[in-house]
Every structure is written in C-alpha cells, then in structure tokens.
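Chemist:
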Amino acid sequence: MSPVLAGVLQLLALVAALALAYRPLGDHMARVYGSKKHLRAEKWIYKAIGADPDAEMRWPAYLRGVLAFSAAGVLFLYLLQRLQGSLPGSLGFTSIDPDQAFNTAASFVANTNWQSYSGEQAMGHVVQTGGLAVQNFVSAAVGIAVAVALVRGFARSRTGELGNFWADLVRGTVRILLPISVLGALVLVACGALQNFSGIHEVGQFLNGHSVGGTQEWNGGAVASQEVIKELGTNGGGYFNANSAHPFENPTPFSNLFEIFLILLIPFALTRTFGRMVGSLRQGYAILATMATIWLGFTALMMWTEFHHGGPAFDLAGGATEGKENRFGIAGSAIFSVATTLTSTGAVNSFHSSYTGFGGGIQMLGMQLGEIAPGGTGSGLYGMLILAIIAVFIAGLMVGRTPEYLGKKIGTREIKLAACYILVTPALVLGFTAVAMALPTPGDSMTNTGAHGFSEILYAYTSGANNNGSAFAGLNADTQWFNSTIGLAMLLGRFLPMVFVLALAGSLAEQQPVPETAGTLRTEKPLFTGLLVGTIMIITGLTYFPALALGPLAEGLAS
1 MSPVLAGVLQ
11 LLALVAALAL
21 AYRPLGDHMA
31 RVYGSKKHLR
41 AEKWIYKAIG
51 ADPDAEMRWP
61 AYLRGVLAFS
71 AAGVLFLYLL
81 QRLQGSLPGS
91 LGFTSIDPDQ
101 AFNTAASFVA
111 NTNWQSYSGE
121 QAMGHVVQTG
131 GLAVQNFVSA
141 AVGIAVAVAL
151 VRGFARSRTG
161 ELGNFWADLV
171 RGTVRILLPI
181 SVLGALVLVA
191 CGALQNFSGI
201 HEVGQFLNGH
211 SVGGTQEWNG
221 GAVASQEVIK
231 ELGTNGGGYF
241 NANSAHPFEN
251 PTPFSNLFEI
261 FLILLIPFAL
271 TRTFGRMVGS
281 LRQGYAILAT
291 MATIWLGFTA
301 LMMWTEFHHG
311 GPAFDLAGGA
321 TEGKENRFGI
331 AGSAIFSVAT
341 TLTSTGAVNS
351 FHSSYTGFGG
361 GIQMLGMQLG
371 EIAPGGTGSG
381 LYGMLILAII
391 AVFIAGLMVG
401 RTPEYLGKKI
411 GTREIKLAAC
421 YILVTPALVL
431 GFTAVAMALP
441 TPGDSMTNTG
451 AHGFSEILYA
461 YTSGANNNGS
471 AFAGLNADTQ
481 WFNSTIGLAM
491 LLGRFLPMVF
501 VLALAGSLAE
511 QQPVPETAGT
521 LRTEKPLFTG
531 LLVGTIMIIT
541 GLTYFPALAL
551 GPLAEGLAS
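According to the working numbering, the sequence shown holds residues 1 to 559 in order.
Laid out in structure tokens, this is it:
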C-alpha cells in the first residue's frame, strides 16, 4: 500500500469515528449544561468551595468567577513548582526557577501548555499529576463554560443572566471530561502507554536486540492518564520532552489516530450542543460545515506539501521524512500536525521545524486563524461564533440592512466587542515578535538564521498568544525574556478575549428577539457557510500575510 493511500484511509477512518461520536456526545453536553439537577459528588464540591450552583450570574459576575478561579490556579501551580524540592515524589528534582515557574503556571492555566523545559528532567510526580494534570481538566472546563455562556446569550432573551460559572465548571469536569478520560486512558494503556508511579531507572542501550553499550535513564509516571486529557482537553503539554512522539506517550499508529480523534472530539461535537441549545440543529450544522471545510482543506494541503518531491533527497525518502517518526509516517504526522495547530492543543508527534517551508506556514496559519476549525474545547466554538457575527455584519453592509444572527440584532456595541476580540491576538503576536526581532538578546535563542529563524520566533508568539503551546523545536525558549513575554502573551491571549466574549453574551441575552423576515440572512444555508469561510481567510490573510511572507512563504519559495 502506498503511503499516500494509507494516509487517505487514516483520514477516512478518523472522519467516520468523529461522525459516529458527534450526535451522542453533542446531545449529552447539551443535557449536561441544561440540567437543573446536581450529582452528589458535585454537591460536595459546591459545599467545599462555598458556591451556590443555582444562582444565575450576569456577565460581570461570570467573568469574575473565571478570572478568580484562574488566578488561584496560577498561584497554586507556581507555588507547587517553587516548592517541588521539598515535596515527596519529586524524583530528586529541584525547585523550578521563578521565571520558568511563572511561564509554566500561566501556560497550563491558560490551556496553552507551552513548555520551556524537559518534563522528564524537571518535574516530579506531584507537580506532573497534582498540578499539571489537574489544570488540564479545569482549564478545558473553563473554555467550555465560556462557550456555553455565549450560546446562552443567543438562546435567552430579555435577561442578562448567563448561568452559573461554578456549576458549568464542575459539570464540565465531572460529567464530560472525567468519564471520557477514564475510558481513553484504558485504551492508551492497552496500546502500551506508561501508567505507574515508579522512579528513575537506569537501563542499557540496545539496537535490534543487541547491547550497544552505555546506559540511559528512564522515568516512570502516570503518563496515559495525563496523555488522554492533554488531547481531549486540547491542552498539549507532554509528560516527556518529545511529547506525543515519545513511545511511552504514543506507542503505535493506532494510538496516534486515537489521540487525533480525542483532539477533535469535543470541539466538533460542541457544534451540535450549540444547535440543541439555540433550538436549531441546522445552525449547528452550518458551523460544523465551516469548521470541517477548513480542517479538511488544511489537512489536504499539508499532506500534499509533505509528500511533494522537491529534490533527490525527497525522491529517495518518499517525501519530507525529516523530524517525523517512522512508526507514524508522513501521513500520520501531517494529520496530527494540522489537528493540533487548528485546535489549541499544542501536542506534537513530529518536529514542526523540520517540515517544509510551506508546511510550517500551514501550521502557523492554522493557529493564526484563531484556532477555530474546530479549535479548542470551547474556545473554538466561541471564536467561530464571533466570526459568524462579523460575517453577518459584512453581509448586512452589502445590502444596507441591520445585521441579525439567530434572531439577535448585531448593533454598534456587539460589533465593537467582536472587533476587539479579533484584534487582541494579532496585536500580541505581531507586537511581541517585532520587539523580539528588534532587540539583540532574543535573537541569540534562534538556532537558524534568515527566514527560518524569523519563523521560529513568529511561531513561538503565535503559539503562545493563541493558547496553542506547540513549539517549532528550533528556539531556545528557556530564557528570562521568552519565559516572561510568552507567559504574558498566554495570559492576555486567553483571558482578554474571554472578557469580550462574556460582555457580548450579556448584551445578546438582554435583547428581545427580532422576527425573521424575507430580508433576513439565512445563516443555516451553504451560502452563509461559504461567506463565513471567506471572511475567516480574508481577515487572517490581511492581518498576518506580511509576517508570513517574511518567514515560511519566503522559505518555501526559496526551496
């Protein structure tokens, strides 16, 4: 079987699996966030934190809950790292330096999971399991909660109430993320992923069953349980430095495909949850079609550029094999790469710096779209809905009519909030990149010069500000400059957009629905899907094209 055909079959199997899970999971999440009942375990949690899960919140109170919980998470995780040397289960590792501890705390709380350290050489069991893995769950639940609050803004009328943040947070964790993670961890363990709390072992080095002399150290750890939530929650932080290219995290081609499935599962299924909650499944299908069109298009482009034979070396290797695991191949690596950069996952099973120039550009563009196809857990849906508002506004300008979406008028306040949302991450990415390139010290961290070196820094800030977390694998980011600035980019890129999303949700919830007329734009039709795809590509192209032209496009055209 040819590698290209094998890749197509993997893609078809992935689409089939997502299609089978779409309806039951989407409907389940709609029931979870629409339920008035509380499980016994949830009641214990509410009592412990002193929250009233039945109290409705307006958007400022909902936002305060998001920010207060996240700030507490940053502080707790920072202190846990700083105290690691005094904690049991530290495996002999010392405490983390202040700048790196801040960067890591901001990273995992912001659902970014950017790592400027080697996990197996820095973090013990307590920090890995009690700190990082916990944030993998709750940061994902926060993203879903904000998305649900925006959906309630569309679904409700003549009220500013968006639900209860604490109830949404707990339900998302207990009823959605935990059950799927338990089942997923069992699958990964069956595939050969590691799951224990053993210490560091010194083992011999072998090749084809024969000792080659020398030894190396291997860590144990609760790898499978962290791996599954890292993918399911679109987090991405690896237990090991090689991330999902490491055989302890991702042992086989089947586990590779299963992890891609986990990455895409909730973001795609949330479109059905959206349709259920607003009372129109066809609206959810329109958003799904937009996400799927972009995802399939990017996947096809990535597979083409990585299989494209651009010279004798590629002809002999059968494609761009540098930096890719043989057990996954080009196709398995390309599909994983697109899935992780079109969501806020950041996990990698190959080294993105080794992709072709155009391949690296596709990865960066996927993040620069805002990670909306299908995006992160929750963040993908609310990002796509913001762009849908922009699309109906543009359509309204074309015909001279006040734009409407799902029966809500898109007025001055709404479009200003949507515009602020869109401008936050480009300002962070391009601003920090420009400063880093202008100063003498940050450039010392680049391992390449020219267009590829510029791409390393552009990719780092694109990944941080868009809460992705993947690295180009060619930049030494463990410096005070990058730890501090990328940490700030992650926090601002995560929580500033949430401010605008929740303010928009509150504004929409206060409105009285307007009746549909003959002049209303039908947003559940294929025409709107095409308009939305075009709006996304044009906005992103106009914003990032100059920077992309200096980096991956210049490198691709020169090769």
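Quick reminder that beta carbons are idealized off the backbone N, C-alpha and C, glycines included.
Three or more beta-carbon pairs under 8 Å between the region 345-355 and the region 472-484, yes or no?
Modeler: Touching, yes, given that three or more Cβ pairs across the two stretches are closer than 8 Å.
Chemist: Might you give, ordered along the chain, the residues of its own chain that have their beta carbon closer than 7 Å to the beta carbon of Glu306, omitting 5 neighbours on each side?
Modeler: If we look at Glu306 and ignore the five residues flanking it on each side, its Cβ neighbours are Gly319, Ala320, Ile330, Ala334, Tyr355, Thr356, Gly359.
Chemist: Could you check if Thr201 is buried or exposed, using at least 16 other CB atoms within 10 Å of its CB as the buried criterion?
Modeler: Note that residue 201 is His in the sequence shown here, rather than Thr. With fewer than 16 Cβ atoms within 10 Å of its Cβ, His201 is classed as exposed.
Chemist: Go ahead and pull the three-state DSSP assignment for His201.
Modeler: His201 falls in the strand class under three-state DSSP.
Chemist: For Trp481, list the residues DSSP reports as bridge partners.
Modeler: Paired residues: none, contrary to the question.
Chemist: Enumerate in chain order the residues of its own chain whose CB-to-CB distance from Gly85 is below 6 Å, with the five nearest sequence positions on each side excluded.
Modeler: Cβ within range, chain order: Thr94, Ser95.
Chemist: What does DSSP give as the partner residues of Arg58 in its beta bridges?
Modeler: Beta-bridge pairing links Arg58 to Glu161.
Chemist: Would you identify the three-state DSSP class for Glu371, choosing helix, strand or coil?
Modeler: Note: Glu371 maps to coil in three-state DSSP.
Chemist: What runs of the alpha helix (DSSP H), each 4 residues or longer, lie entirely inside the region 243-309?
Modeler: Listed in chain order, the complete alpha helix (DSSP H) runs (minimum 4 residues) inside the region 243-309 are 253-278, 281-307.
Chemist: Can you give the Cα-Cα distance for Ala503 and Thr129, rounded to whole angstroms?
Modeler: Near 35 Å, if we compare the C-alpha coordinates of Thr129 and Ala503.
Chemist: Name, in chain order, the residues that DSSP records as bridge partners for Met398.
Modeler: According to DSSP, which records beta bridges pairwise, Met398 is partnered with nothing at all.
Chemist: How many Å lie between Leu178 and Val399 at the Cα?
Modeler: Computed Cα separation, rounded: 48 Å.
Chemist: Could you pull the start and end residues of the alpha helix (DSSP H) that Gln10 belongs to?
Modeler: Run containing Gln10: 3-34, per the alpha helix (DSSP H) assignment.
Chemist: Would Leu169 and Phe69 qualify as a contact pair, given that the criterion is a beta-carbon distance under 8 Å?
Modeler: In this structure, Phe69 lies closer than 8 Å to Leu169 by Cβ.
Chemist: Near Leu265, what residues of its chain come up, given a Cβ to Cβ distance below 8 Å and the 5 sequence neighbours on each side ignored?
Modeler: So the list reads Leu18, Ala21, Leu25, Ile180, Leu232, once near-sequence residues are dropped.
Chemist: DSSP three-state label for Lys324, please.
Modeler: Note: Lys324 maps to strand in three-state DSSP.
Chemist: In angstroms with no decimal places, state the Cα-to-Cα distance between Gly443 and Pro403.
Modeler: Computed Cα separation, rounded: 46 Å.
Chemist: Return the Cβ separation of Asp27 and Arg272 in integer angstroms, given the expectation that the two are a contact with Cβ distance under 8 Å.
Modeler: Right, the Cβ-Cβ distance comes to about 7 Å (below 8 Å), so this counts as a contact.
Chemist: In three-state terms, what does DSSP make of Trp114?
Modeler: If DSSP states are grouped into helix, strand and coil, Trp114 belongs with coil.
Chemist: Out of Tyr33, Ala72, Ala30, state which residue places its alpha-carbon closest to the alpha-carbon of Ile49.
Modeler: If we check each option's Cα against that of Ile49, Ala72 comes out closest.
Chemist: First and last residue of the alpha helix (DSSP H) that includes Lys416?
Modeler: Lys416 -> alpha helix (DSSP H) spans 412-438.
Chemist: Quick one: Cα of Ala505 to Cα of Gly279, how far?
Modeler: If you take the alpha carbons of Ala505 and Gly279, they lie about 17 Å apart.
Chemist: Okay, do the region 520-529 and the region 419-429 touch, 3+ Cβ pairs below 8 Å being the bar?
Modeler: The region 520-529 is not in contact with the region 419-429.
Chemist: Under three-state DSSP, which class holds Asn219?
Modeler: Asn219: strand per DSSP, three-state reduction.
Chemist: Give a yes or no on whether the C-beta atoms belonging to Leu491 and Ala106 are separated by under 8 Å.
Modeler: For Leu491 and Ala106, yes; Cβs fall inside 8 Å.
Chemist: Is any non-hydrogen atom of the ligand GDP found closer than 7 Å to the C-beta of Glu371, if you look at the structure I gave you?
Modeler: No copy of the ligand GDP appears in this structure; indeed no ligand is present at all.
Chemist: Just list the residues that DSSP pairs Lys408 with in beta bridges.
Modeler: Answer is Tyr405.
Chemist: Helix, strand or coil: how does DSSP classify Met364 here?
Modeler: Reduced to three states, the DSSP call for Met364 is helix.
Chemist: Which two residues bound the contiguous alpha helix (DSSP H) that contains Tyr239?
Modeler: Element bounds for Tyr239: n/a, residue is neither H nor E.
Chemist: Give the straight-line distance between the Cα atoms of Leu83 and Lys324, rounded to the nearest whole angstrom.
Modeler: One C-alpha to the other measures close to 37 Å.
Chemist: Determine the DSSP secondary structure at Phe350, reduced to helix, strand or coil.
Modeler: According to the sequence shown, residue 350 is Ser rather than Phe. In the structure shown, Ser350 sits in a strand (DSSP, three-state: E or B).
Chemist: How would you call Ser455, buried or exposed, if buried means at least 16 neighbouring beta carbons within 10 angstroms?
Modeler: So Ser455 counts as buried.
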